[in-house]
Each structure stands twice: as structure tokens, then as C-alpha cells.
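Here's the structure, in C-alpha cells; my notes come after.
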Amino acid sequence: MSAFIQQLPALIGVVIGALGSYFAVVRSDRARFHREQAARWEERRLAVYIDYARTLKKTITLACRVASHFGNDPHPHPLTPEEAAPQLAAATLARDPDGEALLLMGSPEVVEKARVWVTVVLEMEQFLRDGTRDPAAWQGLLERHRGGRDGYYAAVREDLALPPGLTVRWQLPSVGPS
1101 MSAFIQQLPA
1111 LIGVVIGALG
1121 SYFAVVRSDR
1131 ARFHREQAAR
1141 WEERRLAVYI
1151 DYARTLKKTI
1161 TLACRVASHF
1171 GNDPHPHPLT
1181 PEEAAPQLAA
1191 ATLARDPDGE
1201 ALLLMGSPEV
1211 VEKARVWVTV
1221 VLEMEQFLRD
1231 GTRDPAAWQG
1241 LLERHRGGRD
1251 GYYAAVREDL
1261 ALPPGLTVRW
1271 QLPSVGPS
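Put into C-alpha cells, the structure is as follows:
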């Protein structure tokens, strides 16, 4: 019996070491799982943010083409409202599920900035439905759209902890007779 008692501290040490090792591995695995899960959700949020921006951009490009038809925009490929109608309808239909995904996955700040941006896009669509011919007012809408887009992108970058991006306004050559 005395041999057992002499070896009891070593046995207790082995049991404590094994339990400590087990708990350290479990804790490490749990932390790794949470990090990987957070990374997956970030990737999904980024995809939702990109899809929403891409959907709005399709609408804006079509709007600029229709505005060009009315003489409001210098876009080189004008479209009549009749030609653009099916494409605008498709863009609007795509915007709804992308917007729902944004509401589900987006941070409150990103959703608010998206609301500001899409409100301007809706005003652009109404401007064109009314058949307005006012290049200065159209340019004002374009500037508000760019501000809304920049705010949305800044909120996305902040939400995903991305480095700050540039709000570059590309200088495009003027379109007109040479």
C-alpha cells in the first residue's frame, strides 16, 4: 500500500496534465471554429454588399442611357424609354432580392447608407419616367448618386474592416463632335 501512496502524487499529476491538455485543445478548437465561422460570415456579407451595389449600378447605367436619349446625359449609347423598359424592369426585379439579402446580412450602418443611395436611384428613375429634359437637374441627381455610393462603400469598408478606399472621380473624355 505504501508503494501506491508514494506513486499517487505522480498519478494525480498525470491526470491533471491530461485534463489540462484536453481543455487547452478544446478551447483552442473552439476559438479556431469561431474565427473560421466569422470569416465565412464576412465573406457572405461582402458578397451581399457587392451584389447589391452591382444591381444598383445596372439600374444607374440604364438610367444614364435613357437620360442621354432625353439630352440630359452625355452617355454615348442612348436608349429610348421603350427600349430600356424591359431591362429596367429586370434590374428592378433583381434589386428586390438583393435588397432583402442586404437587410438580412448587412450592418445597420450599411443598410442605412444603402437606403440613402437607393432613394436617389428611385428619384433618377422617376425623373426619367416623367420625361424631364433638364441636364442641370440630372447632373445634381448624378452627384447625389455618387455621394450615396461613396457613403455606402465607406460603410461597407468600415463594417468589414477593410482599408479605406479612394473616392476617385474618373475624368472621362468628353463625348461630342471633334
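Here the sequence shown is numbered in this note's numbering, starting from 1101 and rising by one per residue.
Here a beta-carbon is modelled for each residue, glycine too, at the ideal position from N, C-alpha and C.
Q: Spatial neighbours of proline 1178 within its chain, please: CB distance less than 7 Å, with the 5 preceding and 5 following residues excluded, ordered by chain position.
A: Arg1165, Ser1168 and His1169
(Q) What does the alpha-carbon distance come out to for the pair serine 1281 and arginine 1140? (A) The structure shown does not extend to residue 1281, since the chain is modelled only from 1101 through 1278, so no value can be given for it.
Q.
Taking a contact to mean a Cβ-Cβ separation below 8 Å, would you say alanine 1255 touches valine 1210 in this structure?
A. yes
Q | Proximal residues to lysine 1158 (C-beta, below 6 Å), its chain only, five neighbours per side dropped | A | Ala1191
Q) Are the region 1212-1227 and the region 1237-1245 touching by the rule of at least three beta carbon pairs closer than 8 Å? A) yes
Q: Return the chain-ordered list of same chain residues with a C-beta closer than 8 Å to the C-beta of tyrosine 1122, the five sequence neighbours on each side being excluded.
A: none
Q) First and last residue of the alpha helix (DSSP H) that includes threonine 1155? A) 1102-1169
**Q.** Through-space distance from serine 1128 to isoleucine 1105, alpha-carbon basis
**A.** 35 Å
Q.
Runs of 3 residues minimum, wholly inside the region 1204-1238: which ones carry the beta strand (DSSP E) assignment?
A. none
Q: Report buried or exposed for valine 1125, applying the criterion of at least 16 other Cβ atoms within 10 angstroms of its Cβ.
A: exposed
Q: Determine the direct distance from the alpha carbon of leucine 1119 to that of histidine 1245, and round the result to whole angstroms.
A: 60 Å
Q) How long is the line joining the alpha carbons of serine 1278 and proline 1176, rounded to whole angstroms? A) Interpretation of serine 1278 is limited by its pLDDT of 42, a score under 50 that renders its predicted location unreliable; the figure taken from the coordinates is listed afterwards. Approximately 14 Å between the Cα atoms of the pair.
Q.
Spatial neighbours of arginine 1195 within its chain, please: C-beta separation below 6 Å, excluding the five flanking residues on both sides.
A. Thr1155
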